[in-house]
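Below is one structure; the comments refer to it alone.
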Amino acid sequence: MDKLDAILQAHAAQDQDTVGKVLGAAFSVVNKQGVVYAGAAGRIDFDPAARAFAGDSFAYVASLTKLITTTCLMQLVERGDMALDNDLRGLVPELARMQILRGFDSDDRPILEDNDRPITLRMLLTHTVGLGYDLADPDLLKWSNKVGRSVNNLDWCKQGFFTPLKFPPGDGWYYGTALDWAGFALETVTGQKLGQYMQTHIFDPLEMKDTGFWPEKLPQTASRTVAYPHRNPITGALEPGKGPIPVEHEVESGGAGLFTTADDYARFLCGFLQGKLVSEETARLIFTPQLNETQARMLEAICYDHGVQDAFAPEFPKGLKLNHGIGAVMNLQDVPGKRRKGSLMWSGMCNSRWWMDRETGIAAVLIVNVLEHGDSVVAKLYRELEAAVYAHVNASK
55 MDKLDAILQA HAAQDQDTVG KVLGAAFSVV NKQGVVYAGA AGRIDFDPAA
105 RAFAGDSFAY VASLTKLITT TCLMQLVERG DMALDNDLRG LVPELARMQI
155 LRGFDSDDRP ILEDNDRPIT LRMLLTHTVG LGYDLADPDL LKWSNKVGRS
205 VNNLDWCKQG FFTPLKFPPG DGWYYGTALD WAGFALETVT GQKLGQYMQT
255 HIFDPLEMKD TGFWPEKLPQ TASRTVAYPH RNPITGALEP GKGPIPVEHE
305 VESGGAGLFT TADDYARFLC GFLQGKLVSE ETARLIFTPQ LNETQARMLE
355 AICYDHGVQD AFAPEFPKGL KLNHGIGAVM NLQDVPGKRR KGSLMWSGMC
405 NSRWWMDRET GIAAVLIVNV LEHGDSVVAK LYRELEAAVY AHVNASK
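Start counting the sequence shown at 55; every next residue gets the next number (our numbering).
Structure representation (structure tokens):
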């Protein structure tokens, strides 16, 4: 896999010129036996003399949190402490108060309808409940302004995650805060904070020592923390920016709260492949398509939207059939020269990405920090890395 080193180097800035580059990136590939490849290039900050980007560089990975939260919840399902299809509205009172946004009247007042359908864990883990991200949805932004709301989904508080539903639960697919509410359900069932549960059942068993919701509780990572560059849409250069989340926050976000490293996330993916986290039966369920035809069409329409594909699905040729497993998007067809059908994948708002291909027996994670989500430079880097991985795999057969 020597070619992977060259690909990373080619995309990382070597000096102050960052046009069409990332500051740095780390990439790891694992199988059931352990690490197949681990490499990195570039640096963690703007100064050309800054610390080199490495497998232990500490970054905010946003929605890469979702797979770990999903795994925790499926452990509870496996133990009989939760069920995929039970109504959670009695367990999480806020879910019972969520209404359906049907539009706006002639005075632009929201038209809200009470929801009488169950909200289940399966719906939350497959994004079929109807929840969105308010900052990414014009109707939810409009609703938020009309009701005088002062918080949003990036404030990391329950009110920031509380919005109307885009449709009745089960009627479609829409990406949003569902995993945050799944995390709150876990906290109610276990009596633990989400991070405490993860520490006991994921991080400690896998020796993930650089992963958590609170960077200040991981002081060893301070000198390895990656900056937050923003891509200038006009020049294509990277510019210093602030992180997207508040230092002080009310909740641990099961949808987008974790900080980690490529080394630690690779430990998680490897542990999953090895069967250390859930049983083989549960793993098969996680990798089983969950969406009906209507839901799948909505997912594909969003993932292949011209302005969204580099964020949600840059690795797929447009039109490749997609579905959703428990916790992540799934390709239903082989990707030519790349991952096999039935693989899972997702990404985070700072453009880190992972995939897991159980048929081939490998998983991979790319850790970068570039805003905004859908950075075309990272999308190109990711496509090249995956192609090189499978070229090596196929040549080794």
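We put the beta carbon where it would ideally sit given N, CA and C, even for glycine. In this text, all values refer to a predicted model and were calculated from it rather than measured experimentally.
- Positions of the alpha helix (DSSP H) runs, each at least 4 residues long and wholly inside the segment 307 to 377, are given as 316 to 327, 334 to 340, 347 to 357, 363 to 366 in order along the chain.
- A distance below 8 Å between beta-carbons, with the five flanking residues on each side excluded, links A442 to the following residues of its chain, in chain order: M55, K57, L58, I61.
- Counting C-beta pairs with one atom in each stretch, the segment 412 to 420 and the segment 323 to 339 have three or more that are closer than 8 Å, which means they touch.
- Counting the other CB atoms within 10 Å of its CB gives R133 a total below 16, which places it among the exposed residues.
- Contact check for D411 and R393: beta-carbon distance about 4 Å, within the 8 Å limit, so the pair qualifies.
- The Cβ-Cβ distance between G379 and I421 does not fall below 8 Å.
- Taking a contact to require three or more Cβ pairs closer than 8 Å, the segment 342 to 351 and the segment 154 to 166 do not qualify as touching.
- Contact annotation: the segment 274 to 294 touches the segment 110 to 130, with at least three C-beta pairs closer than 8 Å.
- Assignment of beta-bridge partners to N385 by DSSP yields L376.
- Of the candidates A79, G78, V90, T348, V90 places its Cα closest to the Cα of S450.
- Under the rule that a run must span 4 or more residues, the alpha helix (DSSP H) segments found entirely inside the segment 149 to 188 read 175 to 180.
- Counting along the chain, W408 sits inside no alpha helix (DSSP H); it lies in the beta strand (DSSP E) bounded by residues 407 to 411.
- With 16 or more other CB atoms across the displayed protein chains lying within 10 angstroms of its CB, I98 is buried.
- DSSP places D59 within a helical segment (H, G or I) once states are collapsed to three.
- In this structure, T174 sits near D139, with a CB-CB distance shorter than 8 Å.
- Counting along the chain, the unbroken beta strand (DSSP E) around N85 starts and ends at 78 to 85.
- Of the candidates C404, A92, G144, K120, C404 places its Cα closest to the Cα of R285.
- Around the beta-carbon of T289, fewer than 16 other beta-carbon atoms lie within 10 Å, marking it exposed.
- Cβ neighbours of S307 within its own chain (closer than 6 Å, five residues either side excluded): W210, D234.
- Within the same chain, R394, K395 come within 8 Å of D388 by CB-CB distance, once the 5 residues on both sides are set aside.
- With respect to F313, G249 sits apart: the two C-beta atoms are not nearer than 8 Å.
- Taking the Cα positions, G373 is about 14 Å away from V383.
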